[in-house]
Amino acid sequence: AQRLMQLQLDERAMRFLVHLPQAGTYALFTEHKPEEFQARFLHLPSGIMAQPMLQHDYKPDHQHDDQVSSVGINLPGDLDEKRLNAWLRDLLSTKGTDIFRMKGVLSIKGKKHRFVFQGVHMLFDGRPDRPWGKEARHNSLIFIGRHLDRAALTAGFKECLA
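Under the UniProt record's numbering, the residue at position 17 of the sequence shown is numbered 17, and the numbers go up by one with no gaps.
#1: Go to R150, then tell me how far its alpha helix (DSSP H) extends in each direction, as first and last residue.
#2: In the DSSP assignment, the beta strand (DSSP E) including S70 goes from what residue to what residue?
#3: What would DSSP say about L123, mapped onto helix, strand or coil?
#4: Give every residue of the same chain whose Cβ lies closer than 6 angstroms to the Cβ of I73, excluding the five residues on either side of it in the sequence, and list them in chain order.
#5: May I ask which residues mark the beginning and end of the beta strand (DSSP E) holding K103?
#6: Rounding to the nearest angstrom, what Cα-Cα distance links G119 and M102 in this structure?
#7: Distance, Cα to Cα, P131 vs K112?
#8: Relative to the alpha-carbon of T94, which residue among V18, L161, Y26 and D149 has its alpha-carbon at the smallest distance?
Written as structure tokens, this is what we have:
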């Protein structure tokens with residue numbers, strides 16, 4: 001039997017849990033790519049992450065600047081605060097004009113709370129969020145900009161791991 005379920009999401013929430021009543025094949029249609037909003041699909045009893053069988057990007061009927069892209073990075077573990085600050089300072093001073101937007105949730109070593117941040121070009125703002133509690137500590141961030149080098153951003157961010 002085929003059913004269409006539409007999610008009514010509260011924009012204030014940081015996380016949404018969707019319970020699927022039974023095993024099967026499901027389709028998720030979104031306006032943005034899953035990595036743009038850190039979508040993860042877990043089988044809760046086992047903690048195993050589900051992988052998509054198929055992805056399709058629809059071409060819009062209008063043009064975008066081909067040089068503008070997004071880079072999402074998701075890594076488990078804690079970050080060294082000094083290395084992170086040095087990397088962000090260097091990144092924003094050298095590439096800030098090409099980074100239109102960035103945001104994320106970070107796990108800083110020695111801190112009990114998640115650190116949430118956002119930035120526009122060379123402006124950066126962040127604050128402690130709710131406690132991690134029993135949630136696995138991880139880091140999720142996304143950059144939107146021009147001439148983004150996914151490999152360099154990922155390598156630089158990995159260097160910040162504690």
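Backbone N, C-alpha and C define an ideal beta-carbon position, used for all residues, glycine too.
Looking at the coordinates:
#1: R150 to K158
#2: V68 to P76
#3: strand
#4: L141, T154 and F157
#5: I99 to L106
#6: 5 angstroms
#7: 6 angstroms
#8: Ranked by Cα distance from T94, the options V18, L161, Y26 and D149 are led by D149.
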